[in-house]
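**Student:** The sequence shown runs 1 to 431 under UniProt numbering.
Below are the structure tokens for one structure; questions will follow.
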Amino acid sequence: MSEDTEQFHQLSGWLASDYPACCGGSGVAWLHVVVSPVGAPTTRSQYTPTSPPLPRGLPGLRCEWKMSVSGLKAELKFLESIFDPNHERFRIIDWKPDELSCQFNVTGEKLLIIHCNITESYPSTPPIWFVDSDDPSLTEVLERLEDVRKGTSLLLQQLKRLICDLCRLYNLPQHPDVEMLDQPLPHGPADEVTSEEEEEEEMGEDIEDLDHYEMKEEEPVHGKKSEDDGIEKENLAILEKIRKNQRQDHLNGAVSGSVQASDRLMKELREIYRSQSYKTGIYSVELVNDSLYEWHVKIRTVDPDSPLHSDLQVLKEKEGVDYILLSFSYKDNFPFDPPFVRVVSPVLAGGYVLGGGALCMELLTKQGWSSAYSIESVIMQINATLVKGKARVQFGANKNQYSLARAQQSYKSLVQIHEKNGWYTPPKEDG
Numbered sequence: 001m002s003e004d005t006e007q008f009h010q011l012s013g014w015l016a017s018d019y020p021a022c023c024g025g026s027g028v029a030w031l032h033v034v035v036s037p038v039g040a041p042t043t044r045s046q047y048t049p050t051s052p053p054l055p056r057g058l059p060g061l062r063c064e065w066k067m068s069v070s071g072l073k074a075e076l077k078f079l080e081s082i083f084d085p086n087h088e089r090f091r092i093i094d095w096k097p098d099e100l101s102c103q104f105n106v107t108g109e110k111l112l113i114i115h116c117n118i119t120e121s122y123p124s125t126p127p128i129w130f131v132d133s134d135d136p137s138l139t140e141v142l143e144r145l146e147d148v149r150k151g152t153s154l155l156l157q158q159l160k161r162l163i164c165d166l167c168r169l170y171n172l173p174q175h176p177d178v179e180m181l182d183q184p185l186p187h188g189p190a191d192e193v194t195s196e197e198e199e200e201e202e203m204g205e206d207i208e209d210l211d212h213y214e215m216k217e218e219e220p221v222h223g224k225k226s227e228d229d230g231i232e233k234e235n236l237a238i239l240e241k242i243r244k245n246q247r248q249d250h251l252n253g254a255v256s257g258s259v260q261a262s263d264r265l266m267k268e269l270r271e272i273y274r275s276q277s278y279k280t281g282i283y284s285v286e287l288v289n290d291s292l293y294e295w296h297v298k299i300r301t302v303d304p305d306s307p308l309h310s311d312l313q314v315l316k317e318k319e320g321v322d323y324i325l326l327s328f329s330y331k332d333n334f335p336f337d338p339p340f341v342r343v344v345s346p347v348l349a350g351g352y353v354l355g356g357g358a359l360c361m362e363l364l365t366k367q368g369w370s371s372a373y374s375i376e377s378v379i380m381q382i383n384a385t386l387v388k389g390k391a392r393v394q395f396g397a398n399k400n401q402y403s404l405a406r407a408q409q410s411y412k413s414l415v416q417i418h419e420k421n422g423w424y425t426p427p428k429e430d431g
């Protein structure tokens, strides 16, 4: 293996894993890094022959995150230029790099408010759409957007599909401006293009930070004895599988999340596996698709004197399900931001459960969160909150009313309300 090739393999591991922190930012988009030996062909369509000069000491380093962000902004500005706030059919009301708010004009008096959350890993992860309506026809329209997953301008193509489907739904003629979404994006103004000198200077500063990065050594096997003490064999196997997957992702340059978040989540998972509440079956935890950042938590035991306990027994008899399924999603700035938690099933009334399955708990907002909180304490607090709020299973309810998009919208509204009005603190005797 040549020196350049060996350096390439080393970079694929550590640069992709910790580059966000040393560059002063965070987010999955920072991790879209392609590292290749000098002269190796670049397969990404975004790269051009006029790419900035390579920083010293790093053969073939090309950072894609800047181009991803600038490409997204170009899409959003292009959309705004076509569908301005006065457009007769579709209007871009407001946009930010992570969010888009639109209006679809059904009639002169009826306007549909449509929201779009743009993830930090766009376009690898498609945008998330939701609408302020319970109309199942609109839900189907949004679900069909999941079929549009490829293309150089994914947001534009999804928006074209959305407008066309809404026009068909309401028997409206297709607007000719929709065809403009198939056009190539216009080139940005010259003042938005960073000069080669500025790019080289920025990259140089980033590399200086990287020089101070130290690899975290694997602990020797004999040092893990106390760390894994009290954990069942099947759970130790899960932890080992996660570690192997992380190592492989580093080698493949496909790292997700951050070193900080991954280390903390591994610690949280290890503590849960060691916990008596977990071992006695009060709750269980499963990783979704082996992802450390997506958990399914099943609350299996609640206060036996509560109506919710009785409902879960009935649910087991009727549907063979005896738990409340929660979804925990973590971002790469965890534990400094709380996980996003929502109820997946069953549909509940009361218990501080909002539309879409979001939870009305200050603990789960930035305002009430602390990085010192353990995930097990969060799970147990949710358990107690459901009982305290007199949650009841809604037998026969439409299960589709709980979704990620609706939960996110409810959570966003919740945060805005409480930021304005504050939180109600119950008397101590109420717990």
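Glycine included, C-beta positions come from ideal geometry on N, C-alpha and C.
Tell me whether I272 sits in a helix, a strand or coil according to DSSP, three-state version.
**Tutor:** Mapped onto the sequence shown, residue 272 falls at position 272. I272 falls in the helix class under three-state DSSP.
**Student:** Residue ranges of each alpha helix (DSSP H) run of no fewer than 4 residues wholly in the segment 241 to 312, ordered along the chain?
**Tutor:** 259 to 274, 276 to 279
**Student:** Locate the beta strand (DSSP E) running through I417, then write down its first and last residues.
**Tutor:** The count along the sequence shown starts at 1 and reaches residue 417 at position 417. Run containing I417: none in the beta strand (DSSP E); it sits in the alpha helix (DSSP H), 404 to 421.
**Student:** Measure the alpha-carbon distance for M266 versus K241 and round it to whole angstroms.
**Tutor:** The count along the sequence shown starts at 1 and reaches residue 266 at position 266. The count along the sequence shown starts at 1 and reaches residue 241 at position 241. Cα to Cα, M266 sits roughly 12 Å from K241.
**Student:** With respect to the beta strand (DSSP E) encompassing V343, which residues constitute its N-terminal and C-terminal limits?
**Tutor:** Position 343 of the sequence shown holds residue 343. From DSSP, the beta strand (DSSP E) with V343 extends over 340 to 345.
**Student:** Just to confirm the assignment, what range does the beta strand (DSSP E) spanning I163 have?
**Tutor:** Locating residue 163 in the sequence shown gives position 163, where the first residue counts as 1. Note, I163: premise wrong, no beta strand (DSSP E); alpha helix (DSSP H) at 154 to 169.
**Student:** If we call anything under 8 Å between Cβ atoms a contact, is L315 one with D305?
**Tutor:** Taking the sequence shown and counting its residues from 1, the one referred to as residue 315 is at position 315. Taking the sequence shown and counting its residues from 1, the one referred to as residue 305 is at position 305. It is not a contact, given that the beta carbons lie outside the stated cut-off.
**Student:** Quick one: give me the first and last residue of the alpha helix (DSSP H) that I379 is part of.
**Tutor:** As a working note, residue 379 is residue 379 in the sequence shown. Run containing I379: 375 to 388, per the alpha helix (DSSP H) assignment.
**Student:** Between the segment 367 to 380 and the segment 398 to 411, do at least 3 Cβ pairs fall closer than 8 Å?
**Tutor:** no
**Student:** CB L169 to CB V141, shorter than 8 Å?
**Tutor:** Numbered from its first residue, the sequence shown carries residue 169 at position 169. Numbered from its first residue, the sequence shown carries residue 141 at position 141. Contact: yes.
**Student:** What does a CB cutoff of less than 7 Å around S262 pick up in its chain, not counting 5 residues either side in sequence?
**Tutor:** Translated into the one-based positions of the sequence shown, residue 262 becomes position 262. Closer than 7 Å at Cβ, skipping near neighbours: Q246, L292.
**Student:** Leaving out five residues before and five after L386 in sequence, what residues of the same chain have Cβ atoms less than 8 Å from its Cβ?
**Tutor:** Mapped onto the sequence shown, residue 386 falls at position 386. I299, V302, L308, I324, L348, G351, Y352, V353, listed in sequence order.
**Student:** Count the other CB atoms within 10 Å of the CB of Q276; is the residue buried (16 or more) or exposed (fewer)?
**Tutor:** Translated into the one-based positions of the sequence shown, residue 276 becomes position 276. So Q276 ends up on the exposed side.
**Student:** Tell me whether G356 is buried or exposed, calling it buried when 16 or more other Cβ atoms sit within 10 Å of its Cβ.
**Tutor:** Within the sequence shown, numbered from 1, the residue matching residue 356 stands at position 356. When all chains shown are included, G356 counts as buried.
**Student:** For the alpha helix (DSSP H) that contains S137, what are its first and last residues?
**Tutor:** In the sequence shown, the residue the question calls residue 137 occupies position 137. Looking at the DSSP string, the run of the alpha helix (DSSP H) that includes S137 is 136 to 144.
**Student:** Could you name the residues of the same chain whose beta carbon sits closer than 6 Å to that of Q7, not counting the 5 residues immediately before and after it, in chain order?
**Tutor:** By 1-based counting over the sequence shown, the position of residue 7 is 7. Any reading at Q7 must be qualified, since the residue scores a pLDDT of 44, below 50, and its modelled position is unreliable; no value is offered.
**Student:** Using only the alpha-carbon positions, how far apart do H175 and R89 sit?
**Tutor:** Counted from its first residue, the sequence shown places residue 175 at position 175. Counted from its first residue, the sequence shown places residue 89 at position 89. Rounded to the nearest whole angstrom, the C-alpha separation of H175 and R89 is 7 Å.
**Student:** With a Cβ-Cβ cutoff of 8 Å, do I166 and F78 count as a contact?
**Tutor:** Sequence index remark: in the sequence shown, residue 166 carries index 166 (1-based). Sequence index remark: in the sequence shown, residue 78 carries index 78 (1-based). The sequence given here has Leu at residue 166, not Ile. Not a contact, by the Cβ cut-off of 8 Å.
**Student:** Can you check which of these residues, K110, K420, N252, L145, is closest to S133 by C-alpha distance?
**Tutor:** The sequence position of residue 133 within the sequence shown is 133, counting from 1. Residue K110 is the option with its Cα nearest to S133.
**Student:** Checking 8 Å against the spacing of the C-beta atoms, do R392 and D311 come in under that value?
**Tutor:** Residue mapping note: residue 392 aligns to position 392 of the sequence shown, counting from 1. Residue mapping note: residue 311 aligns to position 311 of the sequence shown, counting from 1. Annotated as proximal: R392 and D311, with beta-carbon spacing under 8 Å.
**Student:** Assuming S329 and Y402 are in contact, meaning their beta carbons sit under 8 Å apart, how far apart are those beta carbons, in whole angstroms?
**Tutor:** Here residue 329 refers to the residue found at position 329 of the sequence shown. Here residue 402 refers to the residue found at position 402 of the sequence shown. Under the criterion of beta carbons closer than 8 Å, S329 and Y402 do not qualify as touching, at roughly 14 Å.
**Student:** By Cβ distance below 7 Å, which residues in the same chain neighbour E271 in space, the five residues on each side in sequence not counted?
**Tutor:** As a first step, residue 271 is located in the sequence shown; it is residue number 271 there, counting from the start. Cβ within range, chain order: S374, E376.
**Student:** Helix, strand or coil, according to DSSP, for K318 in the structure here?
**Tutor:** The count along the sequence shown starts at 1 and reaches residue 318 at position 318. DSSP places K318 in helix when its eight states are reduced to three.
**Student:** Expressed to the nearest angstrom, what Euclidean distance is found between the alpha-carbon atoms of Q46 and Y122?
**Tutor:** On the sequence shown, position 46 is the one that residue 46 refers to. On the sequence shown, position 122 is the one that residue 122 refers to. At Q46 the pLDDT is 32, less than 50, meaning the model places this residue with poor confidence and gives no usable figure here.
**Student:** Quick check: N86 and D98, are their CB atoms within less than 8 Å of each other?
**Tutor:** Working through the sequence shown from its first residue, we reach residue 86 at position 86. Working through the sequence shown from its first residue, we reach residue 98 at position 98. Not closer than 8 Å, so no.
**Student:** Would you kindly report the start and end of the unbroken beta strand (DSSP E) that includes R149?
**Tutor:** Here residue 149 refers to the residue found at position 149 of the sequence shown. From DSSP, R149 is part of no beta strand (DSSP E); its letter is neither H nor E.
**Student:** Buried or exposed, going by whether 16 or more other CB atoms sit within 10 Å of the CB of G230?
**Tutor:** Stepping through the sequence shown from its first residue, residue 230 is reached at position 230. Under this definition G230 is an exposed residue.
**Student:** Is it buried or exposed for V288, if we count other Cβ within 10 angstroms and need 16 for buried?
**Tutor:** By one-based count along the sequence shown, residue 288 stands at place 288. Counting Cβ neighbours within 10 Å, V288 comes out exposed, since fewer than 16 surround it.
**Student:** List the endpoints of the continuous beta strand (DSSP E) containing K96.
**Tutor:** Locating residue 96 in the sequence shown gives position 96, where the first residue counts as 1. Run containing K96: 90 to 96, per the beta strand (DSSP E) assignment.
**Student:** Pick from L76, S327, R264: whose alpha carbon is nearest that of N333?
**Tutor:** Translated into the one-based positions of the sequence shown, residue 333 becomes position 333. For N333, the nearest C-alpha among the options comes from R264.
**Student:** According to DSSP, which residues form a beta bridge with E75?
**Tutor:** For the purposes of this step, residue 75 is taken as residue 75 along the sequence shown, with counting starting at 1. DSSP output for E75 lists no bridge partner at all.
**Student:** Could you have a look at W99 and say whether DSSP puts it in helix, strand or coil?
**Tutor:** On the sequence shown, residue 99 is found 99 positions in, with the first residue counted as 1. Correcting the residue identity first, residue 99 is Glu in this sequence and not Trp. Note: E99 maps to strand in three-state DSSP.
**Student:** Output yes or no for whether 8 Å exceeds the beta carbon distance between Y278 and V297.
**Tutor:** Looking up residue 278 in the sequence shown gives position 278. Looking up residue 297 in the sequence shown gives position 297. No, Cβ-Cβ distance for Y278 and V297 is not below 8 Å.
**Student:** Nearest to E317 by CA position, among G389, K331, E234, F395, is which residue?
**Tutor:** The residue you call residue 317 lines up with position 317 of the sequence shown. Per the Cα distances, F395.
**Student:** So, H269 versus L236, is the Cβ gap smaller than 8 Å?
**Tutor:** Position 269 of the sequence shown, counted from the start, is the residue given in the question as residue 269. Position 236 of the sequence shown, counted from the start, is the residue given in the question as residue 236. Reading the sequence as shown, one finds Leu at residue 269 and not His. No, these two residues do not count as a Cβ contact at 8 Å.
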